[in-house]
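Quick note: the sequence shown, position 493, residue 493 per UniProt numbering, numbers continuous.
We treat Cβ as the ideally placed atom computed from N, Cα and C, and that holds for glycine.
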Amino acid sequence: MLQSINDKFKGWITWIIIIAVSAVFVLTGISYFFVSGGVSPQSVAKVGDVQISQNSYQQSLSQNMQAQPSLDQKALQEKTLNQLVDQALLQQDATASHIAITQSAVSIAIFQNPAFVENGQYSAKRFDELAKLYGGAGNIKALIANSLLTSSIVTPLLQSEFVLSDEQKTLSALMGQKREVTYYDFAAKDYASKIKPTDKELQAYYDEHKVQYEQIEQAVVSYVKLSSQDFVSKEPVSESEINSYYQANKDALMSPELRSGETITIDKKAKDSKAIAEKLKANQALTADELKEVKIEQIKPLSQADASGFAQFALFNLTLESPVKETSDNEFVKLTKIIAPAEMSLSEAKPVIEKILKNRAALTKFNEVLTSINSNSFDQVVKANKLTPATTNAFDKNTTSANVEGNAKLQEAVFDHNKTQGFIAQGQTDGIIYKVDKMIPKHTLSFAEVKDKVKTAYIATESLAQAQKAAQDALKALQDKKEVKTVKAKTETISRSDFTLDQDLKTAIFSDGLKSYKLAQNGESYWVYEVAKVIDGTDELPTQVLQNNYSNIELNDYLAALKKQYKVEINHQLIQ
């Protein structure tokens, strides 16, 4: 039972728990899940008043496929849909409970999120870089707010259960139980090479499954990627501008703090390496003999921005009161000196000021060019600024790619809002301008276009069917006390935490009695198996593991109640 709960909630519930406990979120690659409004033909499901868009479903499915490539397509589709539906249920419950997430809460989550931290502190540059992957800062903030809202319901549930001592022992023994299984494995791949479909059979399969080969509306777009750095002038800034900026901002123009130190490595052949290590940890001086057993390398004064490598970064987490840190076995870093920031002279500040002024002017020009498409055609903007456009491949609203075709904001503008040209901001310093060259209406791909895919699907379907038939024949033979000669029997000990088996098969194994052959599917194969032995578990599982089990059961029950409160409608035609 615990594994069932574990499998169902492993991805997104873990994600929510992390938010609830530490007020940060984990970047998953899934863009903002839900859209509001009435029933939409482009939604895979409607949960109460919330729609789950096909784009969100496809992106989430893609992530799950990367995380669990061994899981079959149907199981992944079901898992993905269940995740999104459960998430929507929890969000609606939070909203109905009048729970609101403030901008302050979102900001705190951003500043505390390790994904946006560099060198031990929040990095706006890092935030902008990651924001590009989500179509802009607005999308990431919406994702965080969405997750914090859900955690407001989940957190009390996960903190509400307790485990009695007797229950702990009983459940621990049950969860630790293992079963020895004798089985015959009939894998679809073993039958695939024997299947040689004719064109007539493939055509018939295509005709029967045409809906799977529908291509939704696509677009081809011309675009130009823009960055503020593209507009940084090569001309020098005038001395008067530099001096004026310096006089107005000299109090803020400080040199960075510099730190110096040394790395100390104890020789692997040192006679008393433990004693030397203890001395280093205590910041005690080494004797002359001990110094012969170590290698010391100086770290010259450097700023945090110039640090590279673990040892240099470690310098900025040390103090002169506690200056030593062990970075690995027999290797230490020691902080020896801190040079405090100081006010820069005009000559010292000149290159800094010149860079600031150039970047400021470049950012202004970047924004002018980016937004000029609001009052000019794409071609006019390209010509006026001597830009070089590129052209996308045909893409649809479900395309997932690191290239422009996979930009969620572009897909939304083109397919949801029917924009023919415009700009997409990606953080504060990057963006694209675009125009739609061609729209390709929804259509069914011809047999010739998808023949290879049809053949692959046909062979997969037929080979699995043949594996099932062989397994059924073997089961009958075993039940008739006859020998199975097509495959050899195997013996394996199965635990509840075994991730290599389908959950349904594992549930059956731990529910079945002894010495009775059964048939069950395990991914792309069929098992004919019997439970040969039950191996008792111990009662020594940690309390927290059992506590989590009870909490997850409570969460399951809560979701079941929400499904009675909010109507769930599934658009099965869009789930492919």
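{"Query": "Between the CA atoms of residue 256 and residue 34 - distance to the nearest angstrom", "Result": "In this prediction, residue 34 scores a pLDDT of 37, lower than 50, which makes its location untrustworthy; no coordinate-derived value is stated."}
{"Query": "Simplified DSSP state of residue 601, which is helix, strand or coil", "Result": "Because the chain here runs from 1 to 576, residue 601 falls outside it and cannot be looked at."}
{"Query": "Helix, strand or coil at residue 218 [DSSP, three-state]", "Result": "strand"}
{"Query": "Outcome for residue 272 when other beta-carbon atoms lying within 10 angstroms are tallied against a minimum of 16", "Result": "exposed"}
{"Query": "For residue 416, the first and last residue of its enclosing beta strand (DSSP E)", "Result": "Unbroken run through residue 416: none, as it is neither H nor E."}
{"Query": "Per DSSP, cross-strand counterpart(s) of residue 529", "Result": "183, 518"}
{"Query": "Whole-angstrom C-beta distance between residue 472 and residue 519, which should lie under 8 Å", "Result": "7 Å"}
{"Query": "The region 309–317 / the region 257–264 touching (three or more Cβ pairs under 8 Å)", "Result": "yes"}
{"Query": "Which listed residue (444, 98, 420, 428) has its alpha carbon closest to that of residue 221", "Result": "420"}
{"Query": "Which listed residue (254, 144, 435, 450) has its alpha carbon closest to that of residue 212", "Result": "450"}
{"Query": "Cβ distance (whole Å) where residue 259 is taken to contact residue 335 below 8 Å", "Result": "6 Å"}
{"Query": "Residue nearest to residue 297 in terms of C-alpha spacing, selected from 500, 321, 333", "Result": "333"}
{"Query": "7 Å Cβ shell around residue 144 - same chain, five flanking residues per side excluded", "Result": "25, 106, 109, 110"}
{"Query": "Outcome for residue 122 when other beta-carbon atoms lying within 10 angstroms are tallied against a minimum of 16", "Result": "exposed"}
{"Query": "CB-CB length for residue 83 against residue 47, believed under 8 Å", "Result": "With 8 Å as the limit, residue 83 and residue 47 do not qualify as a contact, their Cβ atoms being about 12 Å apart."}
{"Query": "Distance between residue 452 and residue 193 (C-alpha atoms, nearest Å)", "Result": "16 Å"}
{"Query": "Inter-stretch contact at 8 Å, needing at least 3 Cβ pairs: the region 370–380 / the region 406–422", "Result": "yes"}
{"Query": "Identity of the residues DSSP links to residue 121 by a beta bridge", "Result": "118"}
{"Query": "Outcome for residue 412 when other beta-carbon atoms lying within 10 angstroms are tallied against a minimum of 16", "Result": "buried"}
{"Query": "Buried or exposed by the 16-neighbour rule on C-beta atoms within 10 Å, applied to residue 58", "Result": "buried"}
{"Query": "Alpha-carbon spacing of residue 492 relative to residue 181, whole angstroms", "Result": "5 Å"}
{"Query": "Spatial distance of residue 199 from residue 430 (CA atoms)", "Result": "50 Å"}
{"Query": "Residue closest to residue 390, alpha-carbon to alpha-carbon, out of 382, 55, 243", "Result": "382"}
{"Query": "Residue of 205, 567, 96 minimising C-alpha distance to residue 446", "Result": "205"}
{"Query": "Best match in 187, 427, 331 for proximity to residue 130 [C-alpha to C-alpha]", "Result": "427"}
{"Query": "Exposed unless 16 or more other CB atoms sit within 10 angstroms - verdict on residue 284", "Result": "exposed"}
{"Query": "Helix, strand or coil at residue 365 according to DSSP, with G and I counted as helix", "Result": "helix"}
{"Query": "Buried versus exposed call for residue 339 [16 or more other C-beta atoms within 10 Å across all chains shown]", "Result": "exposed"}
{"Query": "The region 473–481 touching the region 236–256, judged by at least three CB pairs closer than 8 Å", "Result": "no"}
{"Query": "Contact check, residue 224 vs residue 353, beta carbons under 9 Å", "Result": "no"}
{"Query": "Start and end residues, alpha helix (DSSP H) containing residue 43", "Result": "Counting along the chain, residue 43 falls outside any alpha helix (DSSP H), though it belongs to the beta strand (DSSP E) covering 43–47."}
{"Query": "Closest residue to residue 142 among 118, 102, 177 (Cα-Cα distance)", "Result": "102"}
{"Query": "Endpoints, the beta strand (DSSP E) within which residue 258 is located", "Result": "258–266"}
{"Query": "Length-filtered (4 minimum) alpha helix (DSSP H) runs lying within the region 184–251", "Result": "189–192, 199–208, 239–249"}
{"Query": "Three-state secondary structure assigned by DSSP to residue 334", "Result": "strand"}
{"Query": "Assigned exposure category for residue 127 - 16 Cβ within 10 Å defines buried", "Result": "buried"}
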